[in-house]
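Same order as they appear, the protein sequences are chains E and L. Here the first sequence stands for residues 46 to 335, numbered as in the numbering used here. Here the second sequence stands for residues 46 to 335, numbered as in the numbering used here. To start, the structure under review is shown below, and the notes come after it.
Number of protein chains: 2
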Amino acid sequence: MQTTIESRSRTVVIGDGAPFCVIGERINPTGRKAFQAQLQAGDLSQLEIDVAEQVAGGADVLDVNVGDPLADEIELMRAAVPMVQGLTDLPLCIDSSIIEALEAGLGAYEGKALVNSVTGEDERLNLILPIVARHGAAVIGLANDDEIPMEPERRLEVARKIVSVAGDHGIPPQDVVIDPLAMPVGAEPRAVTLFLETVRLIRDNLGVNMTCGASNTSFGLPGRHALGAAFLAVSQSHGLTSAIMDARARECVESVRATDFLLGQDEWGARWIAAHRAKLAAQAAQAATS
Amino acid sequence: MQTTIESRSRTVVIGDGAPFCVIGERINPTGRKAFQAQLQAGDLSQLEIDVAEQVAGGADVLDVNVGDPLADEIELMRAAVPMVQGLTDLPLCIDSSIIEALEAGLGAYEGKALVNSVTGEDERLNLILPIVARHGAAVIGLANDDEIPMEPERRLEVARKIVSVAGDHGIPPQDVVIDPLAMPVGAEPRAVTLFLETVRLIRDNLGVNMTCGASNTSFGLPGRHALGAAFLAVSQSHGLTSAIMDARARECVESVRATDFLLGQDEWGARWIAAHRAKLAAQAAQAATS
């Protein structure tokens with residue numbers, strides 16, 4: 046099954062043999078005090094740096110989250126979306142827990158966006174899905190409702206419900222991207238094995254595309270990029286087709302592209318080899334100017 | 046199913062929840078002209094460096110191959126095995142295509158060795174398995190006979206035959222480690238997907254442990270360590286329990302240890318966190334002396 050996300054001029058395909066979709070997660074004030082202060086002052090200038098870094102790192106889609114409890118998130122989203130679209134032709138993922146901010150972002154967006162996110166709670170489904178449908182967007186569905194189930198079968202049931210209710214709102218399964226919930230392995234040793242079991246269940250039973258917040262897995266641990274790289278490769282090989290991740294983490298992006306090649310989603314390694322040549326050329330250029 | 050390999054003082058367990066077994070592959074003259082010349086002159090001094098590097102890199106078992114067509118491999122193996130056992134307490138994998146060299150190595154070895162390797166060809170099985178049985182060793186069985194089958198089902202059949210004939214010679218399944226055959230993905234785009242399918246078939250049908258020459262996958266390609274790291278993580282998550290690999294490749298060893306943690310074979314990350322602390326301590330010591 047293929048999910049397509051579009052900007053004005055670019056279409057990104059998720060799933061069904063396409064390369065893994067890297068959704069750059071950096072445009073988000075969580076844990077960034079300076080950026081929070083800027084947002085509170087209505088200053089979006091940091092986005093220029095963040096967009097440039099995510100694009101340079103190889104992101105396929107950019108997540109845009111400008112949520113801060115002390116800022117006017119709705120106005121910020123309305124301004125951020127066209128600003129980011131002026132900086133890059135990558136499609137965007139409009140990310141907010143505030144429904145009016147999602148609506149403002151979708152209203153300002155040119156193309157077919159991805160919406161981050163809805164849960165399996167009736168109230169959220171009934172508020173968010175009509176907006177997604179009205180804008181012809183795709184949506185990320187988190188495999189939890191009012192609680193976060195640990196059992197893969199329960200997560201599958203929540204995912205099934207989201208796909209079903211989305212259908213009731215006229216959103217086809219290919220426009221629902223399920224998040225099977227990556228959790229910190231430092232807090233729960235079974236976090237990844239349960240995650241992988243959930244991925245396989247959703248792949249085999251629903252066949253929809255999947256994404257997750259990949260960095261959650263390594264939360265609080267040393268060697269986060271090595272853990273993230275291994276987590277992404279493994280998850281991709283069991284059916285994950287996308288991840289929300291910081292494209293500045295070279296080791297993680299390389300792991301995803303290597304796994305594309307290994308799994309036949311980059312036949313003969315054309316992208317892999319081209320990326321290697323570009324890296325060598327950049328190093329040579331840097332050496333020549335220094 | 047657990048395979049145990051032993052030196053005089055150390056037991057390494059492969060499989061059944063144990064951490065992935067890294068078999069250090071560096072002690073091998075393939076592609077090393079200087080080492081080849083030394084072996085031809087009967088000089089084994091290079092082993093001191095190679096053993097130290099593999100141990101420092103985190104190998105669990107060391108592969109010992111001193112084969113060179115212009116050297117007396119049998120005498121070299123007879124000398125190399127006690128020399129390596131004097132340098133490390135890691136168990137060894139005695140590696141040769143010459144049956145008399147395997148026999149010389151096993152005769153000189155103290156402990157329970159792993160023998161690398163036998164194929165599914167009747168002649169090789171009937172020559173090598175009696176030696177393995179007599180020495181109470183374990184053996185790597187390559188999933189090919191006189192040809193290298195591409196179809197996972199055919200590789201499974203060869204593996205099944207090896208396990209069966211080993212049983213006829215009194216070698217139990219837990220002492221047979223099957224190599225599902227890692228092949229260059231640069232030459233055959235399906236190499237890894239077929240490999241993974243073979244791994245799953247062998248895991249589900251035979252339940253024996255598995256190893257492979259991991260670096261084969263990235264042969265001839267740029268970015269070999271990143272490809273190797275992703276290949277190892279993915280393969281481990283589908284059932285591979287060991288690999289013959291160069292432990293000097295930090296990225297690859299880290300990927301294996303990260304995957305141990307992610308898959309619950311390093312609960313709470315005790316080994317992962319201890320390795321990180323050791324690395325920080327080593328960096329601090331280096332900074333203090335420089």
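Beta carbons: idealized from backbone N, C-alpha and C, even for Gly. Source: prediction; values computed, not measured.
- Pick out whichever of E:R200, E:A149, E:R235 has its Cα sitting closest to the Cα of V244 (chain E). Here the question's residue 244 (chain E) lines up with position 199 in the first sequence. Put simply, of E:R200, E:A149, E:R235 the residue whose alpha carbon is nearest the alpha carbon of V244 (chain E) is E:R200.
- Pick out whichever of E:S300, E:R179, E:G60, E:N110 has its Cα sitting closest to the Cα of F276 (chain E). One-based indexing of the first sequence puts residue 276 (chain E) at position 231. Between F276 (chain E) and the set E:S300, E:R179, E:G60, E:N110, the nearest pair of CA atoms involves E:S300.
- Task: Note down, in chain order, all residues in the region 235-265 of chain L with a beta-carbon under 8 Å from any beta-carbon belonging to chain E.
- Result: Of all residues in the region 235-265 of chain L, R235, V237, T238, L241, T262 have a Cβ within less than 8 Å of some Cβ in chain E.
- Query: What residues of chain E sit near E312 (chain L), judged by a beta carbon separation below 7 Å?
  - Reply: Working through the second sequence from its first residue, we reach residue 312 (chain L) at position 267. The answer, in chain order, is P234.
- Message: Below 7 Å on C-beta distance, what does H321 (chain L) contact in chain E?
- Response: Position 276 of the second sequence, counted from the start, is the residue given in the question as residue 321 (chain L). H321 (chain L) reaches chain E at P267, G268, counting residues in chain order whose Cβ is nearer than 7 Å.
- Item | Amino acids of chain E, ordered along the chain, whose beta-carbon sits closer than 9 Å to that of S300 (chain L) | Within the second sequence, the letter at position 255 stands for residue 300 (chain L). Chain E residues near S300 (chain L): A271, A274, A275, A278, S300.
- G309 (chain E) CB to nearest chain L CB: under 8 Å? In the first sequence, counting from the first residue as 1, residue 309 (chain E) sits at position 264. At a cut-off of 8 Å between beta carbons, G309 (chain E) contacts chain L.
- Taking the CB atoms as reference points, tell me whether D108 (chain L) and D134 (chain L) lie closer together than 8 Å. For the purposes of this step, residue 108 (chain L) is identified with residue 63 of the second sequence, where counting begins at 1. For the purposes of this step, residue 134 (chain L) is identified with residue 89 of the second sequence, where counting begins at 1. No, they are not a contact pair.
- Message: I need the DSSP call for A178 (chain L), collapsed to helix, strand or coil.
- Response: Against the second sequence, residue 178 (chain L) aligns to sequence position 133. Reduced to three states, the DSSP call for A178 (chain L) is helix.
- Item | Span of the alpha helix (DSSP H), counted from its first residue to its last, around L132 (chain L) | As a first step, residue 132 (chain L) must be located in the second sequence, where it is residue number 87. Under the DSSP assignment, L132 (chain L) falls in the alpha helix (DSSP H) whose first and last residues are 118-132.
- Item | Terminal residues of the beta strand (DSSP E) in which T262 (chain E) lies | Within the first sequence, residue 262 (chain E) is the residue found at index 217, counting from 1. Where T262 (chain E) is concerned, there is no enclosing beta strand (DSSP E), because DSSP gives it neither an H nor an E.
- Query: Are the region 175-185 of chain L and the region 212-222 of chain L touching, with three or more C-beta to C-beta distances below 8 Å?
  - Reply: The region 175-185 of chain L is in contact with the region 212-222 of chain L.
- Query: How about I185 (chain L): is its C-beta nearer than 8 Å to some C-beta of chain E?
  - Reply: By 1-based counting over the second sequence, the position of residue 185 (chain L) is 140. Among the residues facing chain E, I185 (chain L) is not included, as its CB has no counterpart in that chain under 8 Å away.
- Item | Same chain, Cβ closer than 6 Å to V126 (chain L), five either side skipped, listed in chain order | Translated into the one-based positions of the second sequence, residue 126 (chain L) becomes position 81. If we look at V126 (chain L) and ignore the five residues flanking it on each side, its Cβ neighbours are G150, A153, Y154.
- Task: With DSSP collapsed to three states, give me the class of R71 (chain E).
- Result: Position 26 of the first sequence, counting from 1, holds the residue named residue 71 (chain E). Reduced to three states, the DSSP call for R71 (chain E) is strand.
- Just the C-alpha distance for D213 (chain E) and I176 (chain E), rounded to the nearest angstrom, thanks. Counting from one through the first sequence, the residue named residue 213 (chain E) turns up at place 168. Counting from one through the first sequence, the residue named residue 176 (chain E) turns up at place 131. C-alpha separation (whole angstroms): 13 Å.
- Task: Compare the C-alpha of L92 (chain E) against each of E:V111, E:G103, E:T286, E:I68 and name the closest.
- Result: Counting from one through the first sequence, the residue named residue 92 (chain E) turns up at place 47. Taking only the C-alpha atoms, the option nearest L92 (chain E) is E:V111.
- Query: Any contact of the region 289-296 of chain E with the region 315-332 of chain E, i.e. 3+ C-beta pairs under 8 Å?
  - Reply: Output reads no: the region 315-332 of chain E does not touch the region 289-296 of chain E.
- Run down chain E in chain order and give the residues with a C-beta less than 8 Å from the C-beta of T304 (chain L). By one-based count along the second sequence, residue 304 (chain L) stands at place 259. Result: A275, V279.
- Message: Using the Cβ count rule (16 or more neighbours within 10 Å means buried), how would you classify I94 (chain E)?
- Response: Looking up residue 94 (chain E) in the first sequence gives position 49. I94 (chain E) should be labelled exposed.
- For A330 (chain E), which beta-bridge partners are listed by DSSP? Locating residue 330 (chain E) in the first sequence gives position 285, counting from the first residue. Its beta-bridge partners do not exist; DSSP assigns none.
- With which residues is V210 (chain E) paired in a DSSP beta bridge? Your numbering for residue 210 (chain E) matches position 165 in the first sequence. Beta-bridge pairing links V210 (chain E) to no other residue.
- Message: Does any residue of chain E have a CB that is nearer than 8 Å to the CB of G284 (chain L)?
- Response: One-based indexing of the second sequence puts residue 284 (chain L) at position 239. For G284 (chain L), the answer is no, since every Cβ of chain E falls outside 8 Å of its Cβ.
- DSSP-derived helix/strand/coil call for L115 (chain L): As a first step, residue 115 (chain L) must be located in the second sequence, where it is residue number 70. Looking at L115 (chain L) - three-state DSSP - the assignment turns out to be coil, as it is neither helix nor strand.
- Query: Using the C-alpha atoms, what's the distance from A86 (chain E) back to S162 (chain E)?
  - Reply: Locating residue 162 (chain E) in the first sequence gives position 117, where the first residue counts as 1. Locating residue 86 (chain E) in the first sequence gives position 41, where the first residue counts as 1. About 26 Å.
- Message: I'd like to check one pair, V96 (chain E) with V57 (chain E): are the Cβ atoms closer than 8 Å?
- Response: Indexing the first sequence from 1 puts residue 57 (chain E) at position 12. Indexing the first sequence from 1 puts residue 96 (chain E) at position 51. In this structure, V96 (chain E) does not lie closer than 8 Å to V57 (chain E) by Cβ.
- Query: Taking 8 Å as the CB-CB limit, is V109 (chain L) close to chain E?
  - Reply: Residue 109 (chain L) sits at position 64 when you count from the first residue of the second sequence. No, no contact with chain E.
- Task: Check the Cβ-Cβ distances between G231 (chain L) and every residue of chain E, and say whether any is below 8 Å.
- Result: As a working note, residue 231 (chain L) is residue 186 in the second sequence. Yes, because at least one Cβ of chain E sits closer than 8 Å to the Cβ of G231 (chain L).
- Task: Please name the residue in L:I207, L:D305, L:E312, L:K206 whose C-alpha comes closest to that of A232 (chain E).
- Result: On the first sequence, position 187 is the one that residue 232 (chain E) refers to. Taking only the C-alpha atoms, the option nearest A232 (chain E) is L:E312.
- What is the residue span of the beta strand (DSSP E) that T238 (chain E) lies within? To locate residue 238 (chain E), count along the first sequence from 1; it is residue 193. Boundaries around T238 (chain E) are those of the alpha helix (DSSP H), 236-250, since no beta strand (DSSP E) includes it.
- Message: Which residue marks the beginning of the beta strand (DSSP E) containing L137 (chain L), and which one marks its end?
- Response: Translated into positions along the second sequence, residue 137 (chain L) becomes position 92. 137-140 is the span of the beta strand (DSSP E), which, as asked, contains L137 (chain L).
- Task: Have a look at T238 (chain L) and M255 (chain L) and give me their C-alpha separation to the nearest angstrom.
- Result: Your numbering for residue 238 (chain L) matches position 193 in the second sequence. Your numbering for residue 255 (chain L) matches position 210 in the second sequence. Each residue's alpha carbon lies about 16 Å from the other.
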